[in-house]
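Written out below as structure tokens is the structure these notes cover.
In the numbering used here, the protein residues as written are 105 to 273.
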């Protein structure tokens with residue numbers, strides 16, 4: 105998936121940035137394994153500690169206070185923070201619980217992926233309707249896979265819409 109991501113972003117001249125909590129830089133590192141990733145990967149923030157989500161990524165204090173660090177609202181704000189801080193076209197975030205214990209009432213395997221694009225922002229559960237399963241490392245790897253898949257799907261949608269708009273004008 106990371107090769108497809110780099111191919112799509114490179115072809116479109118788009119840049120990417122990450123804000124990672126439970127994956128602690130694993131998503132950005134995965135993208136960086138692809139030759140040519142330097143053309144698209146601007147950088148990333150590791151906001152493992154909750155307060156860094158606010159101070160580094162710019163997640164509003166009110167969002168963290170109301171929803172906590174593991175929430176779609178926080179994931180979306182983290183993605184927006186990555187996009188803004190790294191001056192990228194697309195920001196992606198990962199926040200959740202890798203285990204082995206639950207966190208603040210959130211079960212192991214609850215992971216949220218945030219995406220911020222030039223036109224919109226959203227968050228989606230990494231496991232769809234289910235929690236991610238497995239060991240701590242398996243959950244972290246599955247979260248990265250989900251984030252890259254969601255980002256590739258989003259890029260495809262955006263590029264299709266952009267290309268469709270070009271042919272209509």
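For glycine and all other residues, C-beta sits at the position ideal for the given N, C-alpha and C.
Keep in mind the model is a prediction, meaning the values are calculated, not measured.
{"Query": "What did DSSP end up calling residue 224 once you bin it into helix, strand or coil?", "Result": "coil"}
{"Query": "For the alpha helix (DSSP H) that contains residue 187, what are its first and last residues?", "Result": "176–190"}
{"Query": "Measure how close the beta-carbons of residue 252 and residue 131 come, nearest whole angstrom, since I'm counting them as under 8 Å.", "Result": "7 Å"}
{"Query": "Let me make sure I understand the geometry here. Which of 184, 200, 117 has the alpha-carbon closest to that of residue 148?", "Result": "184"}
{"Query": "What does the Cβ neighbour count give for residue 124, buried or exposed, with the cut at 16 atoms within 10 Å?", "Result": "buried"}
{"Query": "What does DSSP give as the partner residue(s) for residue 207 in the beta ladder?", "Result": "210"}
{"Query": "Would you call the region 156–168 in contact with the region 206–215, where contact means no fewer than 3 C-beta pairs closer than 8 Å?", "Result": "no"}
{"Query": "Is DSSP giving residue 170 helix, strand or coil here?", "Result": "helix"}
{"Query": "Leaving out the 5 sequence neighbours to the left and right, which residues in its chain are closer than 7 Å to residue 154 when beta-carbon positions are compared?", "Result": "168, 173"}
{"Query": "Are residue 182 and residue 201 closer than 7 Å when you measure CB to CB?", "Result": "no"}
{"Query": "Please list, in chain order, all residues of the same chain as residue 129 whose beta carbon is under 7 Å from its beta carbon, the five residues on each side excluded.", "Result": "148, 150"}
{"Query": "For a quick check, are the C-beta atoms of residue 259 and residue 160 less than 7 Å apart?", "Result": "no"}
{"Query": "Per the contact definition of three or more C-beta pairs closer than 8 Å, is the region 135–146 in contact with the region 213–229?", "Result": "no"}
{"Query": "Pull the bridge partners of residue 145 from the DSSP assignment, please.", "Result": "120"}
{"Query": "Could you pull the start and end residues of the beta strand (DSSP E) that residue 196 belongs to?", "Result": "194–200"}
{"Query": "When DSSP builds the beta bridges, which residues end up paired with residue 229?", "Result": "216"}
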